[in-house]
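**Student:**
Protein chains: 2
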Amino acid sequence: MEGPVLRNQVLYHIADTEQVKLCRKSLYSRSKYALIESRLCHSHKGHDGRCDEFPYLKHIHKVAPKVAKKIVRDSVMTTGASWASDEAGPNRILRWVMLLEDKDLKSKFGINMAGLKPHVVAKLREKAATYSDCMEVALALTKAVYEMPGCPRPPADIQKYIETRLGKFKFDSTVCTICRSPLEFQLFDKARRGKAEIETSHTTPRQHNAKNVGFAHRRCNIAQGDMSLDEFYAWISGILTRLKSE
Amino acid sequence: MEGPVLRNQVLYHIADTEQVKLCRKSLYSRSKYALIESRLCHSHKGHDGRCDEFPYLKHIHKVAPKVAKKIVRDSVMTTGASWASDEAGPNRILRWVMLLEDKDLKSKFGINMAGLKPHVVAKLREKAATYSDCMEVALALTKAVYEMPGCPRPPADIQKYIETRLGKFKFDSTVCTICRSPLEFQLFDKARRGKAEIETSHTTPRQHNAKNVGFAHRRCNIAQGDMSLDEFYAWISGILTRLKSE
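Listed in order, the protein sequences are those of chains A and B. All the letters of the first sequence, read from the start, carry residue numbers 2 to 247 under this note's numbering. All the letters of the second sequence, read from the start, carry residue numbers 2 to 247 under this note's numbering.
#1: Are any of the Cβ atoms in chain B nearer than 9 Å to that of Ala-89 of chain A?
#2: Which parts of the region 41-122 of chain B are runs of the alpha helix (DSSP H), unbroken and 4 residues or longer, counting only runs that do not cross its ends?
#3: Going by beta carbon distance, what residues of the same chain come within less than 7 Å of Ala-217 of chain B, once the five residues before and after it are set aside?
#4: Starting from the Cα of Ala-211 of chain A, find the closest Cα among A:Ala-197, A:Val-138 and A:Ser-229 and give me that residue.
#5: Can you look up Leu-12 of chain A in the DSSP assignment and give me helix, strand or coil?
#6: Between the Cα of Leu-184 of chain B and those of B:Ile-159, B:Ala-157, B:Pro-155 and B:Val-146, spot the shortest distance and give me the residue it belongs to.
#7: Taking Cβ-Cβ distances shorter than 8 Å, what residues in chain B pair up with Glu-164 of chain A?
#8: So who's on the other strand from Gly-215 of chain B, going by DSSP bridges?
#9: Excluding the 5 residues preceding and the 5 following Ala-69 of chain A in the sequence, name in chain order all residues of the same chain whose CB lies nearer than 7 Å to its CB.
#10: Taking 9 Å as the cut-off, decide whether the C-beta atoms of Arg-166 of chain A and Gln-160 of chain A are in contact.
#11: Under 8 Å by Cβ, that's how I've got Ser-76 of chain A and Cys-135 of chain A pegged, so tell me the actual separation to the nearest angstrom.
#12: Considering Phe-170 of chain A, what are the terminal residues of the alpha helix (DSSP H) in which it resides?
#13: Hey, would you say Leu-125 of chain A sits closer than 9 Å to Ile-94 of chain A, going by beta carbons?
#14: In terms of DSSP beta bridges, what is Pro-183 of chain B paired with?
#15: What does the Cβ neighbour count give for Glu-148 of chain A, buried or exposed, with the cut at 16 atoms within 10 Å?
#16: Going along the chain, which residues of the region 219-236 of chain B sit with their C-beta nearer than 7 Å to a C-beta in chain A?
#17: Any beta carbon from chain B within less than 9 Å of Glu-330 of chain A's own beta carbon?
#18: Does any C-beta atom of chain A lie closer than 9 Å to the C-beta of Arg-207 of chain B?
#19: For a quick check, are the C-beta atoms of Cys-42 of chain B and Asp-53 of chain B less than 9 Å apart?
#20: Hey, Leu-142 of chain A and Val-214 of chain A: beta-carbon distance below 9 Å or not?
#21: Residue range of the alpha helix (DSSP H) that Ser-238 of chain B falls in?
#22: What are the boundary residues of the alpha helix (DSSP H) that Met-149 of chain B is part of?
#23: Roughly how many angstroms lie between the CA atoms of Arg-96 of chain A and Tyr-29 of chain A, to the nearest whole one?
#24: Below 7 Å CB to CB, which residues in the same chain sit around Thr-79 of chain B once its five sequence neighbours on both sides are set aside?
#25: I want to verify the contact list: residues of chain A whose CB lies under 7 Å from the CB of Glu-200 of chain B, in sequence order.
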């Protein structure tokens, strides 16, 4: 059951996952955070072989391991921030851990939020997201990668898996969510001063869910800053209007 | 002799300074860099009182010392960069020192450019400027500050000094060089996470001279990035065009 594709506001309308039976067995983990929430197998119910949280990433993991790792990292972790070096707070942490209250973070995991600077707390808290949202983000990002010009086509089983959950592929259709020009898969290889040229972006900042994520040029993402996309477009439109009237 | 005021491309056409006789006596300095270039008195020839490199900043220095310091700092120093913390290179250094060749920097001042990472060297070198350009930048920025809405008016002597060198004031006319909306003087007091909301900006990046500098919102400056203003406007115009055609 596929929803409408609204290119401007959302990348994908996530299909009703009730229609797709997933295995959902808990995966064994030694992480202390497994106490909060078990990570689940996302293979189809009754699948062969081992359980896998990201079965649809197998192919990308082979052809472009860095991209697969980026999808996982950006989906589930709070992102690296410049304050990591000079502040005492955790930098990358599972997004759903940041849904816990201060007292639980302290008593259960030794994370003292009260000891962090307010803007560090804000940065961490605004990146909080449920496990389920993170999983849908990973899937949506994977589809967006396969739809980039220059990306190798998915094997049939992975194509079917993704299409069953998110609807038909539109290959070569992925554009920067901000500047709307095509995003070449090869751009993942490019970096300036250690910063990747493609970043995961949020149409509305701080809403980490499948409808709100996509990829953007680093330059565009920086320009958007903490504006929503609508605010950003209104802002640049205002600039051009003022410029014309001078 | 005042030149044309081209609001879009340049802030001011600097007046022919030959028409304005300045004192230009060398100022005593204990800085090791005084060996390269003497800093000069910029009061009018035959002035009363002590020599002064920035006589036109006296009033702003009184009413808003931080702003006066910012004008001096941004005019003469290479700016602070994020690499300062994790790289071994100098962070703030006089812009004209960066005009020297590697071998002179090493033998005379112990600065080993060859030992720095290439992007650090690039950052330092691209901020190089002559002493004379830095002095004109300081004057142009001072005029732009006085022309901000909300800025106290200059005392008569300073008004005359600046107008003699740069032409008539147009009070309340200073706009962000990038987004073209009025820049309130009060915005100098505002900062987010230690970052001032107003930054010195360069219409064409890396050209540090009076015709190419102005003030901009921090947000706008970040969005412009390493594009020239023309490139930036073309870029945002392209975004809106693509958006409309979707």
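Even for Gly, the Cβ is constructed at its ideal location relative to N, Cα and C.
**Tutor:** Reading from the atomic positions:
#1: One-based indexing of the first sequence puts residue 89 of chain A at position 88. Annotation note: pLDDT 46 at Ala-89 of chain A (below 50); position unreliable, coordinate value reported separately. So no, Ala-89 of chain A is outside the interface.
#2: Counting only runs of 4 or more, we get 59-64, 66-77 and 103-110.
#3: Numbered from its first residue, the second sequence carries residue 217 of chain B at position 216. Correct list, in chain order: Cys-177, Thr-178, Ile-179, Glu-200 and Ser-202.
#4: Your numbering for residue 211 of chain A matches position 210 in the first sequence. It is A:Val-138.
#5: If you number the first sequence from 1, residue 12 of chain A lands on position 11. Interpretation of Leu-12 of chain A is limited by its pLDDT of 37, a score under 50 that renders its predicted location unreliable; the figure taken from the coordinates is listed afterwards. Reduced to three states, the DSSP call for Leu-12 of chain A is coil.
#6: Within the second sequence, numbered from 1, the residue matching residue 184 of chain B stands at position 183. Nearest of B:Ile-159, B:Ala-157, B:Pro-155 and B:Val-146 to Leu-184 of chain B, Cα basis: B:Val-146.
#7: Here residue 164 of chain A corresponds to residue number 163 of the first sequence, with the count starting at 1. Among the residues of chain B, none has a CB under 8 Å from the CB of Glu-164 of chain A; the nearest is roughly 23 Å distant.
#8: Position 214 of the second sequence holds residue 215 of chain B. Beta bridge pairing from DSSP links Gly-215 of chain B with B:Ser-202.
#9: As a working mapping, residue 69 of chain A is identified with position 68 in the first sequence. Within the same chain, and ignoring the five residues on either side of Ala-69 of chain A in sequence, the residues whose Cβ sits closer than 7 Å to its Cβ are Leu-58, Ile-61 and His-62.
#10: Translated into positions along the first sequence, residue 166 of chain A becomes position 165. Translated into positions along the first sequence, residue 160 of chain A becomes position 159. With contacts defined by Cβ atoms closer than 9 Å, Arg-166 of chain A and Gln-160 of chain A do not form a contacting pair.
#11: As a working mapping, residue 76 of chain A is identified with position 75 in the first sequence. As a working mapping, residue 135 of chain A is identified with position 134 in the first sequence. Between Cys-135 of chain A and Ser-76 of chain A the Cβ distance is about 5 Å, and since that is below 8 Å, they are a contact.
#12: Numbered from 1 along the first sequence, position 169 holds the residue referred to as residue 170 of chain A. Membership of Phe-170 of chain A in any alpha helix (DSSP H) is not indicated, and neither H nor E is assigned to it by DSSP.
#13: For the purposes of this step, residue 125 of chain A is taken as the residue at position 124 of the first sequence. For the purposes of this step, residue 94 of chain A is taken as the residue at position 93 of the first sequence. Judged by beta-carbon spacing, Ile-94 of chain A lies within the 9 Å limit of Leu-125 of chain A, meaning their Cβ atoms are closer than that value.
#14: Position 182 of the second sequence holds residue 183 of chain B. Pro-183 of chain B is bridged to B:Val-176.
#15: Your numbering for residue 148 of chain A matches position 147 in the first sequence. Burial state of Glu-148 of chain A is buried, judged by a 10 Å Cβ sphere holding 16 or more other Cβ atoms.
#16: Taking a C-beta cut-off of 7 Å against chain A, the contacting residues of the region 219-236 of chain B are Arg-220, Ile-223, Ala-224, Gly-226 and Tyr-234, listed in chain order.
#17: With chain A covering only 2 through 247, there is no way to say anything about residue 330 of chain A.
#18: For this step, residue 207 of chain B is matched to residue 206 along the second sequence. No, because no Cβ of chain A sits closer than 9 Å to the Cβ of Arg-207 of chain B.
#19: Counted from its first residue, the second sequence places residue 42 of chain B at position 41. Counted from its first residue, the second sequence places residue 53 of chain B at position 52. In this structure, Asp-53 of chain B lies closer than 9 Å to Cys-42 of chain B by Cβ.
#20: Residue 142 of chain A sits at position 141 when you count from the first residue of the first sequence. Residue 214 of chain A sits at position 213 when you count from the first residue of the first sequence. Yes. Within cutoff.
#21: Stepping through the second sequence from its first residue, residue 238 of chain B is reached at position 237. For Ser-238 of chain B, the enclosing alpha helix (DSSP H) covers residues 230-245.
#22: On the second sequence, position 148 is the one that residue 149 of chain B refers to. Judged by DSSP secondary structure, Met-149 of chain B falls outside any alpha helix (DSSP H); it is assigned neither H nor E.
#23: Here the question's residue 96 of chain A lines up with position 95 in the first sequence. Here the question's residue 29 of chain A lines up with position 28 in the first sequence. Looking at the two C-alpha atoms, the distance is approximately 19 Å.
#24: Translated into positions along the second sequence, residue 79 of chain B becomes position 78. Closer than 7 Å at the Cβ level, and outside the excluded window around Thr-79 of chain B, lie Arg-93, Ile-94, Arg-96, Met-99, Leu-125 and Lys-128.
#25: Position 199 of the second sequence holds residue 200 of chain B. Residues of chain A whose Cβ lies closer than 7 Å to the Cβ of Glu-200 of chain B do not exist; the shortest such Cβ separation is about 14 Å.
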